[in-house]
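**Q** My questions will all concern the structure given below.
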Amino acid sequence: ILSSSQTGRGVYASRQLARGVLVEISPVLLFPREEYLAHGRHTALDSYTFVWRDKSHGGQKVWALALGLGSLFNHSPSPNVSYTLDYVTLSIRYTTSQPIAAGEELFICYGRDEDMWW
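Residue numbers for the sequence shown follow the UniProt record's numbering, beginning at 1 and rising by one.
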């Protein structure tokens with residue numbers, strides 16, 4: 001984890017990584033909709049959470065916070081890391097989608113740029 005004047009804190013490769021390398025498995029912390037709307041959205045958590053379909057809540061939308069490195073990956077419309085939501089283990093798996101040089105920042109895509117708040 002390093003800081004950059006352009007992206008703030010982010011995840012960087014400590015060594016060269018090939019395509020298809022699993023770089024992180026982040027467990028998620030789930031917030032029921034009512035709790036999140038009443039409390040979470042008024043805090044810094046709002047910038048780090050995302051919608052998760054929770055089967056234990058009948059498939060309803062809940063909010064999830066990725067723990068570990070998961071909340072520190074910065075956004076790029078051309079990411080070098082992809083991720084898979086694992087609803088069984090309540091975790092997110094992050095895998096390199098292209099070769100990454102040592103010292104290079106790892107990026108994921110949060111969604112379409114026109115949907116981003118910044």
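All C-beta atoms in this analysis are idealised placements derived from N, C-alpha and C, irrespective of residue type, glycine included.
#1: Restricting to runs no shorter than 3 residues, where is the beta strand (DSSP E) found entirely within the UniProt domain "SET" (1 to 111)?
#2: Would you call the region 53 to 63 and the region 18 to 26 touching, i.e. three or more CB-CB distances under 8 Å?
#3: Would Leu106 pass as a contact of Ala38 if the rule is Cβ separation under 8 Å?
#4: Who are the Cβ neighbours of Leu72 in its own chain at under 8 Å, not counting the five residues just before and after it?
#5: Taking just the CA atoms, how far does Ser91 sit from Ile25?
#6: Could you check whether the Cβ of Ala38 sits closer than 7 Å to any heavy atom belonging to the ligand ATP?
**A** Inspection of the coordinates gives the following:
#1: Counting only runs of 3 or more residues that sit fully inside the UniProt domain "SET" (1 to 111), the beta strand (DSSP E) segments are 2 to 4, 8 to 12, 22 to 31, 49 to 54, 60 to 66, 81 to 86, 91 to 96, 105 to 108, in chain order.
#2: Under the Cβ criterion (8 Å, minimum of three pairs), the region 53 to 63 does not count as touching the region 18 to 26.
#3: To locate residue 106, count along the sequence shown from 1; it is residue 106. To locate residue 38, count along the sequence shown from 1; it is residue 38. No. Outside cutoff.
#4: Residue numbering aside, residue 72 sits at position 72 when the sequence shown is read from its first letter. Cβ neighbours of Leu72 beyond the five flanking positions: Ile1, Arg9, Gly10, Val11.
#5: Numbered from 1 along the sequence shown, position 25 holds the residue referred to as residue 25. Numbered from 1 along the sequence shown, position 91 holds the residue referred to as residue 91. Ile25 and Ser91 have their C-alpha atoms roughly 7 Å apart.
#6: Here there are no bound small molecules, and the ligand ATP is not part of this structure.
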